[in-house]
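My numbering applies: residue 134 is where the sequence shown begins, and numbers increase by one. Heads up, the thing below is written out as structure tokens.
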Amino acid sequence: MITRENLIYSASAAARILGIIYGHSRIVVREWFAVVWVWVPGHRPRFMSKAVFKRHFVERRKAAARALRVTQHIMDSTSFTVRNEEKGSTYIVQTVPAGLICQCEDYRNQVQFLGHGCCKHNYAVLNHLGFNSLSSYLNAAKAGTPIGALAA
Ligand SMILES: [Zn+2]
């Protein structure tokens with residue numbers, strides 16, 4: 134279950150970062166004030182930087198976004214259909230000046246627990262529009278750049 138505590142600082146994320154096959158060992162992860170405490174049974178507990186987990190969170194979504202196909206809507210240039218050919222799933226992403234909105238569970242969880250979100254579908258649209266990060270999109274939106282026109 135996704136909670137505020139394990140959305141970013143999860144045992145599975147720790148396993149991926151450390152290169153450990155998750156499921157083979159019960160990794161215990163605790164978010165502390167400034168760091169993350171990680172214990173892999175059989176090893177000494179260690180502290181890991183929150184920044185490492187945050188970067189992993191973003192990079193994982195950016196990597197997954199590369200496999201998605203983005204189609205901009207003709208009648209509404211702020212709307213995009215993002216399709217995962219492998220899974221056969223489709224999500225609609227809406228661009229607004231304050232960011233990108235998606236219907237998926239990951240996006241909803243991020244908004245609920247972090248107050249804002251950027252899922253792999255959003256990153257796929259950002260790529261499609263020529264942005265390599267959410268902040269570069271937000272800066273362009275703040276400067277009044279017509280976002281939909283960038284894709285053309
Ligand atoms: Zn999404």
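By construction, the Cβ of each residue, glycine as well, lies at the ideal position given by its N, Cα and C atoms. The structure displayed is predicted, hence computed values, not measured ones.
Kindly indicate which residue of the options has the alpha-carbon position closest to the one of residue i.
i	options	result
residue 248	257, 260 and 232	232
residue 229	244, 212 and 237	212
residue 196	274, 279, 134 and 254	254
residue 190	278, 144 and 273	144
residue 179	234, 210, 151 and 135	151
residue 210	199, 176 and 262	262
residue 259	276, 163, 205 and 142	205
residue 199	170, 252 and 183	252
residue 136	158, 156, 159 and 164	164
residue 140	238, 202, 220 and 276	238
Pull up the CB-CB distance for residue i and residue j, whole angstroms please, since I reckon it's below 8 Å.
i	j	result
residue 181	residue 168	7 Å
residue 256	residue 188	The Cβ separation is near 14 Å, so there is no contact.
Tell me the DSSP bridge mates of residue i?
i	result
residue 181	169
residue 217	222
Is the beta carbon of residue i within less than 6 Å of some heavy atom of ligand 1?
i	result
residue 261	no
residue 224	yes
residue 286	Residue 286 cannot be examined here, being either before or after the span of the chain that is shown, 134 to 285.
residue 252	yes
residue 142	no
residue 256	no
residue 155	no
residue 240	yes
Specify whether the region 265-278 and the region 215-223 touch according to this definition: at least 3 beta carbon pairs, one from each stretch, less than 8 Å apart.
-> no
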